[in-house]
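Asker: FYI, in our numbering the residues of the sequence shown are 31 to 207.
Questions regarding the structure given below will be posed in turn.
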Amino acid sequence: MYLYIKAVHIIFVVSWFAGLFYMVRLFIYHTEANEREESERKVLQTQFELMESKLWNIITVPSMILTVGSGLWLMIEMQWYHHPWMMVKFLFVLGLLWYHFKCQVIMKQMREGLFKWTSTQLRIWNEVATIFLFAIVFLVVLKSALSWLWGFVGLILFSMIIMMAVKIYKKARMRKG
(Lines of atoms letter the chains of each structure in order from A; the text may use other names.)
(Lines give C-alpha, C1' and ligand atoms only; values in the text may rest on other atoms or scores of the structure.)
Protein backbone atom coordinates (compact mmCIF):
# COMPACT_ATOMS: atom_id res chain seq x y z
CA MET A 31 0.00 0.00 0.00
CA TYR A 32 2.94 2.32 0.75
CA LEU A 33 3.98 2.70 -2.90
CA TYR A 34 0.42 3.49 -4.03
CA ILE A 35 0.01 6.21 -1.39
CA LYS A 36 3.47 7.57 -2.23
CA ALA A 37 2.53 7.73 -5.94
CA VAL A 38 -0.74 9.53 -5.09
CA HIS A 39 1.21 11.94 -2.88
CA ILE A 40 3.72 12.78 -5.62
CA ILE A 41 1.01 13.20 -8.28
CA PHE A 42 -1.00 15.59 -6.15
CA VAL A 43 2.05 17.55 -4.98
CA VAL A 44 2.75 18.25 -8.66
CA SER A 45 -0.90 19.16 -9.28
CA TRP A 46 -1.04 21.41 -6.21
CA PHE A 47 2.07 23.33 -7.20
CA ALA A 48 0.86 23.61 -10.79
CA GLY A 49 -2.38 25.11 -9.49
CA LEU A 50 -0.57 27.56 -7.21
CA PHE A 51 1.87 28.66 -9.92
CA TYR A 52 -0.88 29.17 -12.49
CA MET A 53 -3.20 30.87 -9.98
CA VAL A 54 -0.71 33.62 -9.22
CA ARG A 55 0.02 34.00 -12.95
CA LEU A 56 -3.72 34.58 -13.43
CA PHE A 57 -3.59 37.16 -10.61
CA ILE A 58 -0.87 38.99 -12.55
CA TYR A 59 -2.95 39.05 -15.74
CA HIS A 60 -6.07 39.98 -13.76
CA THR A 61 -4.22 42.92 -12.18
CA GLU A 62 -2.76 44.06 -15.50
CA ALA A 63 -6.26 44.02 -17.02
CA ASN A 64 -6.92 47.16 -14.94
CA GLU A 65 -4.68 49.05 -17.38
CA ARG A 66 -7.07 48.33 -20.26
CA GLU A 67 -10.02 50.39 -21.48
CA GLU A 68 -13.28 49.93 -19.55
CA SER A 69 -15.02 47.61 -22.03
CA GLU A 70 -11.98 45.36 -22.46
CA ARG A 71 -11.19 45.44 -18.73
CA LYS A 72 -14.67 44.23 -17.81
CA VAL A 73 -14.51 41.28 -20.23
CA LEU A 74 -11.00 40.31 -19.11
CA GLN A 75 -11.77 40.55 -15.40
CA THR A 76 -14.92 38.44 -15.79
CA GLN A 77 -12.91 35.81 -17.66
CA PHE A 78 -10.05 35.82 -15.12
CA GLU A 79 -12.50 35.47 -12.22
CA LEU A 80 -14.05 32.43 -13.93
CA MET A 81 -10.64 30.88 -14.67
CA GLU A 82 -9.40 31.52 -11.13
CA SER A 83 -12.52 30.02 -9.59
CA LYS A 84 -12.37 26.86 -11.71
CA LEU A 85 -8.63 26.40 -11.19
CA TRP A 86 -8.99 26.88 -7.45
CA ASN A 87 -12.03 24.67 -6.89
CA ILE A 88 -11.38 21.91 -9.43
CA ILE A 89 -7.57 21.51 -9.26
CA THR A 90 -5.80 23.46 -6.54
CA VAL A 91 -7.92 22.79 -3.44
CA PRO A 92 -8.57 19.07 -4.16
CA SER A 93 -4.85 18.60 -4.90
CA MET A 94 -3.94 20.30 -1.62
CA ILE A 95 -6.32 18.06 0.31
CA LEU A 96 -5.03 14.87 -1.34
CA THR A 97 -1.40 15.98 -0.88
CA VAL A 98 -1.83 16.69 2.81
CA GLY A 99 -3.95 13.58 3.40
CA SER A 100 -1.57 11.20 1.66
CA GLY A 101 1.44 12.92 3.23
CA LEU A 102 0.02 12.53 6.73
CA TRP A 103 -0.79 8.90 5.98
CA LEU A 104 2.81 8.27 4.87
CA MET A 105 4.25 10.15 7.85
CA ILE A 106 2.18 8.13 10.33
CA GLU A 107 2.48 4.77 8.55
CA MET A 108 6.26 5.04 8.15
CA GLN A 109 6.70 6.75 11.56
CA TRP A 110 8.66 9.54 9.94
CA TYR A 111 7.52 11.96 12.64
CA HIS A 112 10.51 10.73 14.66
CA HIS A 113 12.94 12.14 12.11
CA PRO A 114 14.15 15.77 12.41
CA TRP A 115 14.09 16.26 8.61
CA MET A 116 10.37 15.39 8.58
CA MET A 117 9.61 17.96 11.24
CA VAL A 118 11.44 20.61 9.21
CA LYS A 119 9.55 19.49 6.08
CA PHE A 120 6.32 19.67 8.08
CA LEU A 121 7.11 23.31 8.96
CA PHE A 122 7.68 24.12 5.28
CA VAL A 123 4.39 22.41 4.40
CA LEU A 124 2.63 24.55 7.03
CA GLY A 125 4.23 27.58 5.34
CA LEU A 126 2.96 26.33 1.98
CA LEU A 127 -0.54 25.94 3.43
CA TRP A 128 -0.35 29.54 4.67
CA TYR A 129 0.71 30.57 1.12
CA HIS A 130 -2.21 28.58 -0.32
CA PHE A 131 -4.79 30.28 1.89
CA LYS A 132 -3.22 33.71 1.31
CA CYS A 133 -3.76 33.10 -2.42
CA GLN A 134 -7.41 32.39 -1.65
CA VAL A 135 -7.66 35.74 0.16
CA ILE A 136 -6.06 37.53 -2.82
CA MET A 137 -8.51 35.82 -5.20
CA LYS A 138 -11.51 36.92 -3.11
CA GLN A 139 -10.20 40.49 -2.86
CA MET A 140 -9.80 40.71 -6.64
CA ARG A 141 -13.29 39.35 -7.13
CA GLU A 142 -14.50 42.23 -4.94
CA GLY A 143 -12.52 44.73 -7.00
CA LEU A 144 -9.74 45.19 -4.45
CA PHE A 145 -6.36 45.05 -6.14
CA LYS A 146 -3.88 45.46 -3.29
CA TRP A 147 -0.90 43.92 -5.11
CA THR A 148 0.92 45.25 -8.16
CA SER A 149 1.85 42.85 -10.95
CA THR A 150 5.50 43.10 -9.85
CA GLN A 151 4.60 42.20 -6.26
CA LEU A 152 2.60 39.24 -7.58
CA ARG A 153 5.57 38.10 -9.69
CA ILE A 154 7.68 38.07 -6.52
CA TRP A 155 4.86 36.33 -4.63
CA ASN A 156 4.79 33.64 -7.32
CA GLU A 157 8.44 32.84 -6.54
CA VAL A 158 7.65 32.18 -2.88
CA ALA A 159 6.01 28.90 -3.93
CA THR A 160 9.19 28.03 -5.84
CA ILE A 161 11.22 28.53 -2.66
CA PHE A 162 8.89 26.20 -0.75
CA LEU A 163 9.16 23.64 -3.56
CA PHE A 164 12.97 23.67 -3.50
CA ALA A 165 13.13 23.48 0.29
CA ILE A 166 10.69 20.58 0.53
CA VAL A 167 12.19 18.54 -2.32
CA PHE A 168 15.75 18.92 -1.02
CA LEU A 169 14.64 17.91 2.49
CA VAL A 170 12.88 14.81 1.19
CA VAL A 171 15.72 13.73 -1.10
CA LEU A 172 18.65 14.47 1.23
CA LYS A 173 16.90 13.76 4.54
CA SER A 174 19.35 13.70 7.44
CA ALA A 175 22.34 13.99 5.08
CA LEU A 176 21.42 17.63 4.60
CA SER A 177 23.51 20.03 6.63
CA TRP A 178 20.90 22.38 8.10
CA LEU A 179 23.26 25.33 7.98
CA TRP A 180 24.30 24.80 4.36
CA GLY A 181 20.71 24.06 3.39
CA PHE A 182 19.52 27.29 4.96
CA VAL A 183 22.32 29.31 3.35
CA GLY A 184 21.53 27.70 -0.02
CA LEU A 185 17.84 28.53 0.36
CA ILE A 186 18.62 32.16 1.16
CA LEU A 187 20.99 32.42 -1.83
CA PHE A 188 18.41 30.78 -4.10
CA SER A 189 15.76 33.24 -2.86
CA MET A 190 18.07 36.17 -3.58
CA ILE A 191 18.75 34.90 -7.10
CA ILE A 192 15.02 34.57 -7.78
CA MET A 193 14.34 38.10 -6.52
CA MET A 194 17.15 39.51 -8.67
CA ALA A 195 15.73 37.67 -11.69
CA VAL A 196 12.32 39.26 -11.07
CA LYS A 197 13.90 42.73 -10.93
CA ILE A 198 15.89 42.13 -14.12
CA TYR A 199 12.73 40.91 -15.84
CA LYS A 200 10.86 44.03 -14.70
CA LYS A 201 13.57 46.30 -16.12
CA ALA A 202 13.47 44.41 -19.43
CA ARG A 203 9.66 44.77 -19.57
CA MET A 204 9.89 48.49 -18.84
CA ARG A 205 12.34 48.97 -21.75
CA LYS A 206 10.01 47.15 -24.15
CA GLY A 207 6.85 48.92 -23.00
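Backbone N, C-alpha and C fix where the C-beta goes; we use that ideal spot for every residue, glycine too.
Among G101, W110 and I106, which one has its Cα closest to the Cα of L124?
Answerer: G101
Asker: Quick one, which of M117, L127, F57 and E67 has its alpha-carbon nearest V91's?
Answerer: L127
Asker: Since I believe L185 is in contact with A159 (beta carbons under 8 Å), could you give me their beta-carbon distance rounded to a whole number of angstroms?
Answerer: Contact doesn't hold; Cβ gap of about 14 Å is too wide.
Asker: Would you check if the distance between the CB atom of M189 and the CB atom of I154 is smaller than 8 Å?
Answerer: For the record, residue 189 in the displayed sequence is Ser; it is not Met. Result no, Cβ atoms of S189 and I154 do not sit closer than 8 Å.
Asker: Can you check which of these residues, F168, K84 and H112, is closest to M137 by C-alpha distance?
Answerer: K84
Asker: Quick check on the burial criterion: 16 or more other C-beta atoms within 10 angstroms. Buried or exposed for A202?
Answerer: exposed
Asker: Taking contact to mean 3 or more Cβ pairs, one atom from each stretch, closer than 8 Å, check whether the region 103-111 and the region 51-59 are in contact.
Answerer: no
Asker: Determine the DSSP secondary structure at F57, reduced to helix, strand or coil.
Answerer: helix
Asker: Which parts of the region 42-126 are runs of the beta strand (DSSP E), unbroken and 3 residues or longer, counting only runs that do not cross its ends?
Answerer: none
Asker: For A141 and C133, I'd like the C-alpha separation in whole angstroms.
Answerer: The residue you asked about is not Ala; residue 141 is Arg in the sequence shown. Straight-line spacing of the CA atoms in R141 and C133 works out to 12 Å.
Asker: Look up K200 in the DSSP assignment and say whether it is helix, strand or coil.
Answerer: Helix at K200.
Asker: Have a look at S149, L169, V183 and V170 and flag the residue whose alpha-carbon is nearest the alpha-carbon of M204.
Answerer: Comparing alpha-carbon positions, the option among S149, L169, V183 and V170 lying closest to M204 turns out to be S149.
Asker: Quick check: what's the CA-CA separation for L144 versus Y199?
Answerer: 26 Å
Asker: Assign K173 to one of three DSSP states: helix, strand, or coil.
Answerer: helix
Asker: Return the residue from the list A37, K197 and A63 that minimises the CA-CA distance to Q77.
Answerer: The closest CA to that of Q77, considering only A37, K197 and A63, is found on A63.
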